[in-house]
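Residue numbers (this note's numbering), protein chains in the order written: chain A, 1006 to 1206; chain B, 2 to 330.
Every residue gets a Cβ at the ideal spot worked out from N, C-alpha and C, and that includes glycine.
One structure is given here, and the rest of the page talks about it.
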Amino acid sequence: MELLVIGRPHVGKTLLMINFAAYLGMSDIRVEVQDSDGRQMVRRLTLDRARRELVSLSTPKTAQVHSLTIEVTSGRQRSEILLVDTPGVLEGIAPDSRDRQLTAQTIGRLMRAAMVFHVVDASRVKSQCQEAGESFDRSLWQFGQRRKGYLLVANKVDRPGSHEGLKFLRDECRGITMIPISCATRRGFRELKVWVCRAIP
Amino acid sequence: MAYVFSPESIPTSPEEVLSWIQAGRLAPGAAVGVLSQWTGSAGAAVGREYPESAKETSVDAVLDDLKALVGLGDIKRVVGDIRAFVEIQRLRDEMGLVHTPQSLHMIFTGAPGTGKTTVARLLGQLFKCLQVLPKGHLVEVERADLVGEYIGHTAQKTRDVIKRALGGVLFVDEAYALARGGEKDFGKEAIDTLVATTENHREELLVILAGYPDEMAWFLETNPGLLSRFPIRLEFKDYTATDLVHIARHMLRERDYTLSGDAEINLFTLLNHNEGHWHKNAGNARMVRNLLEHAIRRQAVRLHARQIPLSRHDLMTLSWTDFEGGSGD
Chain A
1006 MELLVIGRPH
1016 VGKTLLMINF
1026 AAYLGMSDIR
1036 VEVQDSDGRQ
1046 MVRRLTLDRA
1056 RRELVSLSTP
1066 KTAQVHSLTI
1076 EVTSGRQRSE
1086 ILLVDTPGVL
1096 EGIAPDSRDR
1106 QLTAQTIGRL
1116 MRAAMVFHVV
1126 DASRVKSQCQ
1136 EAGESFDRSL
1146 WQFGQRRKGY
1156 LLVANKVDRP
1166 GSHEGLKFLR
1176 DECRGITMIP
1186 ISCATRRGFR
1196 ELKVWVCRAI
1206 P
Chain B
2 MAYVFSPESI
12 PTSPEEVLSW
22 IQAGRLAPGA
32 AVGVLSQWTG
42 SAGAAVGREY
52 PESAKETSVD
62 AVLDDLKALV
72 GLGDIKRVVG
82 DIRAFVEIQR
92 LRDEMGLVHT
102 PQSLHMIFTG
112 APGTGKTTVA
122 RLLGQLFKCL
132 QVLPKGHLVE
142 VERADLVGEY
152 IGHTAQKTRD
162 VIKRALGGVL
172 FVDEAYALAR
182 GGEKDFGKEA
192 IDTLVATTEN
202 HREELLVILA
212 GYPDEMAWFL
222 ETNPGLLSRF
232 PIRLEFKDYT
242 ATDLVHIARH
252 MLRERDYTLS
262 GDAEINLFTL
272 LNHNEGHWHK
282 NAGNARMVRN
292 LLEHAIRRQA
302 VRLHARQIPL
312 SRHDLMTLSW
322 TDFEGGSGD
């Protein structure tokens, strides 16, 4: 079963994935990297090393689709879930053909995944959405209203300005489940796990 | 079509959307917009890999799966009966005849390794296809998932589990453990809650209590209400020697091994000779698996010691020498 993490660049998709794995009690992660020709490579990283190597504050680091397998246990039932981290999707048509290819790959995965975490940056989502008329985020949550297994994750709620962001999201996305979290302060991961347990078909 | 950048045409399939993104004709936001139009109506394009839609199996397919299991003659017959009952009830319903409310809760008794869990899973699927259960998933629990740590905790915990199982099958493995703690144990509370809620949710929940025969008999005695509330009792008999050899062959085929002629004959003789004399918890199919796994290790040792090149046939064949000496326990 696939859980896809999708969103714009710099909303914290990769750190969410690593910290969620950490929350579920994994000490190291096996990152399966799929490059554009579809070859699979596996790297084994400890969580600290993964944070150092896969996450950056300035430049977009995730240039490929990563995935890692987590196990969620509730009661006696164990479900294996493939967490898939995607490169950030840029607004508009990207000038670079490689970026476009990655976007196509990401959206292709979106169609197949059983569960989707749509990550937004709570501190910036309001301004981002108001700048662009038809934004990627907006069409994604409209898409989410129509399908099962879609969750809006409002990340970075520890940041200033996130309060208005959350209010904006609540008004905008009525009828969509939203969970505010913060990867920096590790807030909200318990709720994420509960949601995942329930959403397992 | 405000989304689409070349207004004269719009993409007609998900594949086309993806190639348009790649070609730079469509922005990602617009692409998702286009794709989401298909999400609600045509399920074909989106959610192809949803386990649910993939599992659109028919009743016959599930029954075929059940038939493919080795042995279990009685169980197969009872399941066939239940199927007939459910379908006839539905037909009666359509004709406007009185609908007999059905209680399909079950008790499975059987020695370890006789296929209780496997059958429970198939039953969940079957009832889903027959539209008795809305979801047909299996929630598998044991004592620790039901019994709490302090007074009042148990009922809440049990109710949570039942809530999770609504619409599907709740399979309580080693159910007798609930009554084992004696009078003051919280296990009793779990049984009471279970009994109460199984009555209330009869239409949307199927509860299966499973356990070993002797312990289950004692368990049913401890709570007089249980027996009448679980009207269907399936007894999983120990496998016969022939069944066990079938199982062994099946397990080996899955692992790309075969039995040599003498191994098959001797294995059958061994199982046949001991039939009815095994320790009651010897493990049936699980015992066979352990035997085979041991033989596979012995075969590896035997082949490793040989200096001549090994053929595919050598690597695949288990001979009787690999089995001799038992499972080494």
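| Item | Value |
| --- | --- |
| Which residue or residues does DSSP assign as beta-bridge partners of B/Thr259? | B/Thr318 |
| From the DSSP output, which residues share a beta bridge with A/Leu1088? | A/Leu1008, A/Leu1073 |
| So is B/Pro15 in contact with chain A if we call contact Cβ pairs under 8 Å? | yes |
| Report the option in A/Leu1145, A/Val1201, A/Gly1193, A/Arg1195 whose CA atom is closest to the CA atom of B/Val35. | A/Leu1145 |
| Run through DSSP, which three-state label would A/Leu1021 get? | helix |
| For A/Gln1106, go through chain B and note every residue whose CB falls closer than 8 Å to its CB, in chain order. | Gln23 |
| Can you check DSSP and say which residues form a bridge with A/Tyr1028? | DSSP lists no partner for A/Tyr1028. |
| Have a look at A/Ser1102 and B/Gln23 and give me their C-alpha separation to the nearest angstrom. | 7 Å |
| On the three-state DSSP scale, how would you describe A/Phe1173? | helix |
| Are the CB atoms of A/Ile1011 and A/Thr1091 within a distance shorter than 8 Å? | yes |
| For the region 1144–1171 of chain A, which residues have a CB atom closer than 7 Å to at least one CB atom of chain B, in sequence order? | Ser1144, Leu1145, Gln1147, Phe1148, Arg1151, Arg1152 |
| Can you give the beta carbon distance from A/Glu1149 to A/Ile1181, rounded, assuming they're within the 8 Å contact cut? | Looking at the sequence provided, one finds Gly at residue 1149 of chain A rather than Glu. Right, the Cβ-Cβ distance comes to about 6 Å (below 8 Å), so this counts as a contact. |
| With DSSP collapsed to three states, give me the class of A/Phe1122. | strand |
| Classify B/Leu134 as helix, strand or coil using the three-state DSSP reduction. | coil |
| Ignore the nearest five residues each way along the sequence and tell me which others in A/Phe1173's own chain have a CB closer than 8 Å to its CB. | Val1130, Lys1131, Cys1134 |
| Verify whether the separation of the beta carbon atoms of A/Ser1140 and A/Glu1085 is less than 8 Å. | no |
| Taking only beta-carbon atoms, is B/Ala69 less than 8 Å away from chain A? | no |
| In whole angstroms, give me the CA-to-CA distance for A/Ile1205 and B/Leu123. | 19 Å |
| At a cut of 8 Å, does the region 195–214 of chain B reach the region 102–118 of chain B through at least three beta carbon pairs? | yes |
| Determine the direct distance from the alpha carbon of B/Val246 to that of B/Leu268, and round the result to whole angstroms. | 7 Å |
| Helix or strand or just coil, what does DSSP make of A/Leu1156? | strand |
| Using Cβ-Cβ distances below 7 Å, what residues of the region 1097–1122 of chain A are close to chain B? | Gly1097, Ile1098, Arg1105, Gln1106, Thr1108, Ala1109, Ile1112, Gly1113, Met1116, Arg1117, Ala1119 |
| Taking only beta-carbon positions, decide if B/Glu141 is within less than 8 Å of chain A. | yes |
| Can you have a look at A/Arg1229 and say buried or exposed, based on whether 16 or more other CB atoms are within 10 angstroms of its CB? | In the structure as shown, chain A starts at 1006 and stops at 1206, and residue 1229 of chain A therefore has no counterpart that could be examined. |
| Can you list, in chain order, the residues of its chain whose CB lies under 8 Å from that of B/His154, leaving out five sequence neighbours each side? | Phe187 |
| Between A/Leu1021 and A/Asp1033, how many whole angstroms is the CB-CB distance? I'm expecting something under 8 Å. | Between A/Asp1033 and A/Leu1021 the Cβ distance is about 18 Å, and since that is not below 8 Å, they are no contact. |
| Classify B/Asp186 as helix, strand or coil using the three-state DSSP reduction. | coil |
| In three-state terms, what does DSSP make of A/Ala1099? | coil |
| Which residue comes first and which comes last in the beta strand (DSSP E) that contains B/Ile233? | 233–237 |
| Does any residue of chain A have a CB that is nearer than 8 Å to the CB of B/Glu29? | Residue identity check: residue 29 of chain B is Pro in the sequence provided, not Glu. By this cut-off, B/Pro29 is an interface position. |
| Just checking: is the beta-carbon of B/Leu19 within a distance shorter than 8 Å of some beta-carbon in chain A? | yes |
| Would you mind telling me which residues of chain B sit closer than 7 Å to A/Ser1061, beta carbon to beta carbon, in chain order? | Simply none; closest approach about 22 Å. |
| Note down the Cα distance separating B/Ala191 from B/His202, rounded to an integer number of angstroms. | 16 Å |
| For the candidate residues B/Lys185, B/Ala28, B/Lys117, B/Ile297, whose alpha-carbon lies nearest to that of B/Val173? | B/Lys117 |
| With a threshold of 6 Å on Cβ separation, who are the neighbours of B/Val140 within its own chain once the five nearest residues in sequence on each side are excluded? | Arg165, Ala166, Leu171 |
| By a C-beta neighbour count over all protein chains shown, 10 Å radius and 16 as the cutoff for buried, is B/Ile266 buried or exposed? | exposed |
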